[in-house]
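Engineer:
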Amino acid sequence: MRSLDDFAYSKLAELERASLRRTLAESFRGEGPWIERDGRRLLSFSCNDYLNLSNHPALKSAATAAIAQYGVGAGASRLVTGNHPLFRELEERLARLKGTEAACVFGSGYLTNAGIVPALAGAPDLILIDELAHACLWAGTQLSRARTLVFRHNDVSHAKALLTENRSRVRAALLVTDGVFSMDGDLAPLPELGALCATFDTWLMTDDAHGLGVIGNGRGSAFAGGLSGQVPLQMGTLSKAIGGYGGYLCASRPVIDLMKTRARTLIYSTALPPAMAAAAIAALTIIESEPELTAKPLAKARAFTRRVGLPEAQSPIVPLVVGEPEAALQASNKLAEEGFLVTPIRPPTVPQGTARLRFAFTAMHPDEEIARLAHAVRALIEFTPARKELPTCPQSS
Ligand SMILES: Cc1ncc(COP(=O)(O)O)c(C=O)c1O
Numbered sequence: 006m007r008s009l010d011d012f013a014y015s016k017l018a019e020l021e022r023a024s025l026r027r028t029l030a031e032s033f034r035g036e037g038p039w040i041e042r043d044g045r046r047l048l049s050f051s052c053n054d055y056l057n058l059s060n061h062p063a064l065k066s067a068a069t070a071a072i073a074q075y076g077v078g079a080g081a082s083r084l085v086t087g088n089h090p091l092f093r094e095l096e097e098r099l100a101r102l103k104g105t106e107a108a109c110v111f112g113s114g115y116l117t118n119a120g121i122v123p124a125l126a127g128a129p130d131l132i133l134i135d136e137l138a139h140a141c142l143w144a145g146t147q148l149s150r151a152r153t154l155v156f157r158h159n160d161v162s163h164a165k166a167l168l169t170e171n172r173s174r175v176r177a178a179l180l181v182t183d184g185v186f187s188m189d190g191d192l193a194p195l196p197e198l199g200a201l202c203a204t205f206d207t208w209l210m211t212d213d214a215h216g217l218g219v220i221g222n223g224r225g226s227a228f229a230g231g232l233s234g235q236v237p238l239q240m241g242t243l244s245k246a247i248g249g250y251g252g253y254l255c256a257s258r259p260v261i262d263l264m265k266t267r268a269r270t271l272i273y274s275t276a277l278p279p280a281m282a283a284a285a286i287a288a289l290t291i292i293e294s295e296p297e298l299t300a301k302p303l304a305k306a307r308a309f310t311r312r313v314g315l316p317e318a319q320s321p322i323v324p325l326v327v328g329e330p331e332a333a334l335q336a337s338n339k340l341a342e343e344g345f346l347v348t349p350i351r352p353p354t355v356p357q358g359t360a361r362l363r364f365a366f367t368a369m370h371p372d373e374e375i376a377r378l379a380h381a382v383r384a385l386i387e388f389t390p391a392r393k394e395l396p397t398c399p400q401s402s
């Protein structure tokens with residue numbers, strides 16, 4: 006249809022002019038953090054496979070054995086005939102690691118957030134959300150139709166002010182935040198948020214996509230810095246440190262039972278392929294038994310921030326904010342010339358004016374390559390004429 010294609014062309018042209026058009030580049034990932042793209046071998050700092058488990062022999066053989074036994078697809082929603090026996094085992098293992106009574110596995114992290122938030126809050130309720138929360142927490146929040154208030158990034162006083170003014174006017178209240186922020190790498194102030202939520206009878210939910218396997222002895226952000234896991238709703242994904250695909254919620258038994266009967270993305274979507282559950286179980290065994298492995302990504306990120314002179318990394322994710330999308334593209338191209346893949350991150354993934362390079366460190370990144378990367382990044386920073394006016398950490402307003 007003419008008008009439809011015209012619409013698409015003009016949208017694309019608009020995005021192109023703003024350096025915001027995205028394209029898909031075919032990438033071949035083998036073992037470790039290297040990637041082949043356009044015939045070149047690059048060392049990738051843009052993959053969330055923090056423990057390099059996606060190619061681990063134990064995960065591959067668990068997945069292939071599950072395919073041999075159960076087939077490739079789950080065949081139906083979990084509530085119909087897709088609830089393969091491996092899901093129970095995976096849920097028990099996740100709940101054990103996270104210190105909760107129970108867990109529920111979903112098709113992906115995005116589907117998890119899109120399902121659980123509307124199952125917990127509706128029109129008469131209130132959701133408080135960190136302004137830098139991940140897109141799928143926003144999606145779940147919007148689907149819920151609850152009254153939504155945004156608090157400044159990691160600003161507990163602002164969240165408190167909003168609760169003080171609004172808590173008594175609503176039925177239930179839910180506060181949602183990333184545990185580890187996906188584009189900034191910083192951690193949510195969970196003890197303070199937990200205390201605030203207890204005072205205002207508000208349910209605290211974390212998206213721990215980037216915490217599981219790499220923070221808090223592998224148990225995630227609720228356990229970082231000696232915390233004891235007191236977050237009642239811990240959501241996460243099986244697609245990052247776990248090396249596979251799928252999402253989960255860890256919570257109390259009644260909450261999980263409610264999800265299994267009310268979360269629309271669980272009920273109306275085909276279950277995760279059973280092979281992904283098998284691979285995730287194998288990954289959890291590695292995470293539980295190899296604390297030295299789970300400590301590596303953060304240690305490598307810290308070696309990098311030390312060498313570059315950036316604030317100490319709090320997680321394996323390190324941002325370098327450069328400002329405009331064009332500058333992020335140029336910086337990324339410059340690093341590619343040195344053999345590094347660091348995908349530029351641009352709005353709307355991050356706020357306007359904070360386009361950035363996002364470095365994700367994995368257990369298998371060689372130390373000497375991190376030193377070489379740090380050298381290249383220092384040169385980039387020195388080369389950027391306006392660097393003194395540019396933010397190096399997230400803007401919170
Ligand atoms: C913070 C955060 N939450 C959720 C997701 C979605 O997880 P998934 O990729 O499993 O859909 C991602 C990743 O893309 C993420 O970074």
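In this text, residue positions in the sequence shown follow the numbering used here: the first is 6, and each later residue adds one.
Beta carbons: idealized from backbone N, C-alpha and C, even for Gly.
As the structure is a prediction and not an experimental result, all values here were calculated from the model.
1) How would you write the range of the alpha helix (DSSP H) that residue 136 sits in, first residue to last?
2) Going by DSSP in three states, residue 387 sits in which element: helix, strand or coil?
3) Please identify the residue among 368, 349 and 367 whose C-alpha is closest to the C-alpha of residue 359.
4) Restricting to Cα atoms, I'd like to know which of 34, 16 and 32 is closest to residue 26.
5) Where in the stretch 159 to 232 do unbroken runs of the beta strand (DSSP E), each at least 3 residues long, occur, reported from the N-terminal end onward?
6) In three-state DSSP terms, what is residue 397?
7) Does any heavy atom of ligand 2 sit closer than 7 Å to the C-beta of residue 242?
8) When you compare each of 136, 365, 162 and 149 to residue 155 by their alpha carbons, which one comes out closest?
9) Mind checking whether the beta-carbon of residue 88 lies closer than 7 Å to any heavy atom of ligand 1?
10) Judging by CA-CA distance, which residue of 309, 263, 317 and 244 is the nearest neighbour of residue 289?
11) What residues are listed by DSSP as bridge partners for residue 49?
12) Confirm the yes/no value for this check: CB of residue 141, any heavy atom of ligand 1, distance under 7 Å.
13) Anyone know if the C-beta pair for residue 262 and residue 239 falls short of 8 Å?
14) Nearest to residue 178 by CA position, among 209, 188 and 195, is which residue?
15) DSSP state of residue 402, grouped into three classes?
16) Run through the DSSP bridge pairs and tell me what residue 110 is partnered with.
17) Work out the CA separation of residue 306 and residue 371 for me, nearest whole Å.
18) Give, in chain order, every unbroken run of the beta strand (DSSP E) that is at least 3 residues long and sits entirely within the stretch 52 to 114.
19) Looking only at C-alpha atoms, which of 218, 228 and 162 sits nearest to residue 198?
20) With C-beta atoms as the reference, is residue 410 less than 8 Å away from residue 379?
21) So what does DSSP say about residue 351, is it helix, strand or coil?
22) Taking residue 227 and residue 195 to be in contact with their CB atoms under 8 Å, please state how far apart those CB atoms are, rounded to whole angstroms.
23) Give me the Cβ distance between residue 117 and residue 223, rounded to the nearest whole Å; I'm assuming they're in contact under 8 Å.
24) Along the alpha helix (DSSP H) that carries residue 321, what are the first and last residues, could you check?
25) Can you name, in chain order, every residue of its own chain whose Cβ lies under 8 Å from the Cβ of residue 201, other than the five neighbours on each side?
26) Starting from residue 240 and walking both ways along the beta strand (DSSP E), at which residues does that stretch end?
27) Can you give the Cα-Cα distance for residue 385 and residue 336, rounded to whole angstroms?
28) Taking 8 Å as the threshold, find out whether the stretch 272 to 285 comes into contact with the stretch 65 to 80 through three or more Cβ pairs.
29) So is residue 399 buried or exposed if we call it buried at 16+ other beta carbons inside 10 Å?
30) What is the rounded straight-line gap between the Cα of residue 340 and the Cα of residue 159?
31) With C-beta atoms as the reference, is residue 29 less than 8 Å away from residue 345?
Structural biologist: Per the coordinate set shown:
1) Premise fails: residue 136 is in no alpha helix (DSSP H) and is neither H nor E.
2) helix
3) 349
4) 16
5) 178 to 183 and 208 to 212
6) Low confidence applies to residue 397: its pLDDT is 41, below 50, so where it sits in the model is not reliable, and the reading given next is rough at best. Residue 397 falls in the coil class under three-state DSSP.
7) As far as ligands go, the structure on display features ligand 1 and does not contain ligand 2.
8) 136
9) no
10) 244
11) 346
12) yes
13) no
14) 209
15) Low confidence applies here, because residue 402 scores a pLDDT of 27, under 50, leaving its location unreliable; read the following figure in that light. The answer is coil: DSSP assigns residue 402 none of H, G, I, E or B.
16) 253
17) 12 Å
18) 107 to 111
19) 162
20) Residue 410 falls outside the range modelled here, since the chain spans only 6 to 402, and no answer is possible.
21) coil
22) 6 Å
23) Rounded, the Cβ-Cβ distance is 20 Å, inconsistent with contact.
24) Looking at the DSSP string, residue 321 is not in any alpha helix (DSSP H), and its letter there is neither H nor E.
25) 161, 164, 165, 168, 180 and 207
26) 238 to 242
27) 7 Å
28) yes
29) Its pLDDT being 40, under 50, residue 399 is placed unreliably in this model, and the value from its coordinates should be taken loosely. Buried.
30) 31 Å
31) no
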